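Numbering (the numbering used here), first residue to last: 78 to 248.
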């Protein structure tokens, strides 16, 4: 749900000058499905936070309705990370887990392998494959430095393929 909510908040922000300008159906959606509480309550909590942490942002939000809307929408983005960190099950669909390109690269690397299923990603197994991969690449480099010509297909460490469904251990 998070990507859908975030996209909708972005569109609302781009199309409307303030929270007060939102059409009734959008405001209803916002209050019932995103923060799940009245926008005024979210603004009060946001203002309290800004008062303590960023008073200059609060001053701007009090003068600029569009900026106030941005701060209210930002509340949701911040809370989505907190809900994930705290494991708040009632907001599971809103969880936002921050990661960089390394997470995507890791998922691409494990695709179709024994580590493709996150349930099979025990720390020791991942560490073992990372170390094997590092040793593999070190050996490839040593061979090339020694003048051995290797085909490109030999340059990539591949994880073992995923076991067929019938061979997998029961959960």
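Even glycine gets a Cβ: it sits at the ideal position worked out from N, Cα and C. Keep in mind the model is a prediction, meaning the values are calculated, not measured.
Cα-Cα, which of 176, 150, 149 is closest to residue 162?
As a working mapping, residue 162 is identified with position 85 in the chain shown. The shortest Cα separation from residue 162 among 176, 150, 149 belongs to 176.
Less than 7 Å separating the beta-carbons of residue 153 and residue 112?
Mapped onto the chain shown, residue 153 falls at position 76. Mapped onto the chain shown, residue 112 falls at position 35. In contact: residue 153 and residue 112 (Cβ atoms closer than 7 Å).
Is DSSP giving residue 115 helix, strand or coil here?
Counting from one through the chain shown, the residue named residue 115 turns up at place 38. Reduced to three states, the DSSP call for residue 115 is coil.
Name the two residues that bound the continuous alpha helix (DSSP H) containing residue 105.
Residue 105 sits at position 28 when you count from the first residue of the chain shown. Run containing residue 105: 101-110, per the alpha helix (DSSP H) assignment.
Report the CB separation of residue 134 from residue 148 in whole angstroms; it is logged as a contact under 8 Å.
On the chain shown, residue 134 is found 57 positions in, with the first residue counted as 1. On the chain shown, residue 148 is found 71 positions in, with the first residue counted as 1. 7 Å between Cβ atoms; contact.
Drop a sphere of 10 angstroms on the beta-carbon of residue 125, count the other beta-carbons inside from all chains shown, and report buried for 16 or more, exposed for fewer.
Stepping through the chain shown from its first residue, residue 125 is reached at position 48. So residue 125 ends up on the exposed side.
Which of the three DSSP states, helix, strand or coil, is assigned to residue 248?
Locating residue 248 in the chain shown gives position 171, where the first residue counts as 1. For residue 248, the predicted structure reports a pLDDT of 49, less than 50, and the residue's modelled location is therefore unreliable. A value from the coordinates is still provided. Residue 248: coil per DSSP, three-state reduction.
Do residue 186 and residue 171 have their C-beta atoms within less than 7 Å of each other?
For the purposes of this step, residue 186 is taken as the residue at position 109 of the chain shown. For the purposes of this step, residue 171 is taken as the residue at position 94 of the chain shown. Not closer than 7 Å, so no.
If residue 189 sits next to residue 228, beta carbons under 8 Å apart, how far is it from one beta carbon to the other, in whole angstroms?
Numbered from its first residue, the chain shown carries residue 189 at position 112. Numbered from its first residue, the chain shown carries residue 228 at position 151. The Cβ separation is near 22 Å, so there is no contact.
Quick check on the DSSP output: the alpha helix (DSSP H) that includes residue 145 runs from which residue to which?
Walking along the chain shown from the start, residue 145 turns up at place 68. Unbroken alpha helix (DSSP H) run through residue 145: 142-163.
What first and last residue would you give for the alpha helix (DSSP H) that runs through residue 211?
If you number the chain shown from 1, residue 211 lands on position 134. First-last of the alpha helix (DSSP H) with residue 211: 200-222.
Give me the Cα-Cα distance between residue 192 and residue 128, rounded to the nearest whole angstrom.
The residue you call residue 192 lines up with position 115 of the chain shown. The residue you call residue 128 lines up with position 51 of the chain shown. When rounded, the distance between both Cα atoms is 46 Å.
Three-state secondary structure (DSSP) at residue 195?
Walking along the chain shown from the start, residue 195 turns up at place 118. DSSP places residue 195 in helix when its eight states are reduced to three.
Write down the C-beta distance between residue 96 and residue 116 rounded to the nearest angstrom, noting that I regard them as a contact closer than 8 Å.
Position 19 of the chain shown holds residue 96. Position 39 of the chain shown holds residue 116. Confirmed, Cβ separation roughly 6 Å.
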